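Visitor: Structure provided below as structure tokens; questions to follow.
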Amino acid sequence: MADLSELKEKAAQIKEELRQKAESLDSSKSAYEVRKEFLDSKKGRIGLLMQDMRSVPSEQKAEYGKTVNELKVWAAQRFEEIDAKMKERELESRYKSEKIDVSMPAVKIAHGNLHPVTQVREELIDVFAGMGFEVYEGTEIENDYYNFTALNTPKDHPARDMQDTFYLSPEFLLRTQTSSGQIHVMEKKKPPIKILSPGKVFRSDDDATYSPMFSQMEGLVVDKKITLSDLKGMLDVFVKKIYGEETVTRLRPSYFPFTEPSVEVDCSCFACGGKGCPLCKGTGWIEVLGAGVVNRKVLENCGIDSDEYSGLAFGIGLERIAMLKYGINNIKLLLESDIQVLNQIGDQE
Ligand code: DAH
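Below, the structure is given as structure tokens:
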């Protein structure tokens, strides 16, 4: 049988226990669990005292109920305080762990860069796209006809010796020049034609300035009344965009079987402004590409009337442009793909 004095004793004991437990609480979650232990309406220790009411003598019932209620209110208040303290503590530790020191050096984000030759390729495409050129990418395996014969270089032509060729079979080879793209385009498309054909080319050469594989970008324009001065005009724009506004070009006579006349194009040395320096070997000029007026025979080979139409063509070595641009004296540095080396070359973003 429960009675008042027993209840008072129990209440004091519960208060003491609650105080002790409160000391060791370290999170709102554990506070919630302890709160349940004491205050759960059915199974909580204070709730159970209320159930004992049945066996309390009736004259004590009112006082008993009041005491249990007071204990309940007291415990609820305690838990509110505990809860507030836990929340504050948790917030503080969150602030601490999420604190940002704005004076700390930023974390360096490592990201890749385009290969310097790819950078040059994109840059050239940008420049020529601005003049209305479209890109046509040919294939690296070609047949003899597109790489040589149609370009006015038949089997016994001495100009074939200019390019040591990797043959895959008597008919197929690795293209030695992107000029083969000219023929594919002229066979498919009627003038006006204005294309760029970038890609890898292959020759069995190997030294500091030549590699068995390198990249070229071919340009071809075919329309009515195209002349050498159109070529010069376009190349002037090109060198100014790549090497700076003060750069100028000069044309030197040369020979390519697919152009007539043919020229080598030099630009004024962008390192010394034309005075003469180690880069231009004291000449003030730097050779940048081969070009010319498309040979009538090449137009005719593609079914284009050479009385009505004329064309201009040029071929740029991309590694050469990159070597000049970034001051590199060995083509192997560009092609060996050593990431440590490549990281030092090119435009880092
Ligand atoms: N195909 C030549 C080479 O690889 C470069 C070239 C010269 C391309 C003159 C042309 C050109 O289109 O007109 O050496």
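In this note's numbering, the protein residues as written are -10 to 338. Here a beta-carbon is modelled for each residue, glycine too, at the ideal position from N, C-alpha and C. This one's a predicted model, so the numbers in the text were calculated from it and none came from an experiment.
1. If you count every other CB in all the chains shown that lies within 10 Å of the CB of residue 306, and 16 or more means buried, which is it?
2. Can you give the beta carbon distance from residue 271 to residue 263, rounded, assuming they're within the 8 Å contact cut?
3. Can at least three beta-carbon pairs, one atom from the region 199 to 210 and one from the region 292 to 312, be found at a separation below 8 Å?
4. Write down every uninterrupted run of the alpha helix (DSSP H) in the region 117 to 178 whose length is 4 residues or greater and which is fully enclosed by it, in chain order.
5. At what residues does the alpha helix (DSSP H) containing residue 62 begin and finish?
6. For residue 248, verify whether its CB is less than 6 Å away from any heavy atom of the ligand DAH.
7. Helix, strand or coil for residue 260, going by three-state DSSP, please let me know.
8. Can residue 168 be considered in contact with the ligand DAH, in the sense that its beta carbon sits closer than 6 Å to one or more heavy atoms?
9. To the nearest whole angstrom, what separates the beta carbons of residue 7 and residue 67, a pair I think is in contact under 8 Å?
10. Could you give the C-beta distance for residue 298 and residue 211, rounded to a whole number, given that I count them as a contact under 8 Å?
11. Excluding the 5 residues preceding and the 5 following residue 246 in the sequence, name in chain order all residues of the same chain whose CB lies nearer than 6 Å to its CB.
12. What is the DSSP secondary structure of residue 244, reduced to helix, strand or coil?
13. Terminal residues of the continuous alpha helix (DSSP H) containing residue 217?
14. Suppose you measure from the CA of residue 117 to the CA of residue 227; what does that come to, to the nearest Å?
15. What I want to know is whether the C-beta of residue 280 ends up closer than 6 Å to one or more non-hydrogen atoms of the ligand DAH.
16. Terminal residues of the continuous alpha helix (DSSP H) containing residue 287?
Guide: This is what the structure gives:
1. Classification for residue 306: buried.
2. Actually they do not touch by this definition, with Cβ atoms about 11 Å apart.
3. Touching, yes, given that three or more Cβ pairs across the two stretches are closer than 8 Å.
4. For the region 117 to 178, whole alpha helix (DSSP H) runs of length 4 or above, ordered along the chain, are 133 to 136, 169 to 177.
5. Looking at the DSSP string, the run of the alpha helix (DSSP H) that includes residue 62 is 47 to 86.
6. Flag set: Cβ of residue 248 near the ligand DAH.
7. Taken through DSSP and simplified to helix, strand or coil, residue 260 comes out as coil.
8. Yes, since a heavy atom of the ligand DAH falls inside the 6 Å radius drawn around the Cβ of residue 168.
9. Yes, they are in contact, since the Cβ atoms of residue 7 and residue 67 sit about 6 Å apart, within 8 Å.
10. Contact between residue 298 and residue 211 holds, with the beta-carbon distance rounding to 6 Å and staying under 8 Å.
11. Here the set comprises 141, 142, 148.
12. If DSSP states are grouped into helix, strand and coil, residue 244 belongs with the strands.
13. Counting along the chain, residue 217 sits inside the alpha helix (DSSP H) bounded by residues 217 to 232.
14. In this structure, the CA atom of residue 117 is about 8 Å from the CA atom of residue 227.
15. At a threshold of 6 Å, residue 280 counts as near the ligand DAH, since its beta carbon sits closer than that to one of the ligand's heavy atoms.
16. For residue 287, the enclosing alpha helix (DSSP H) starts and ends at 285 to 290.
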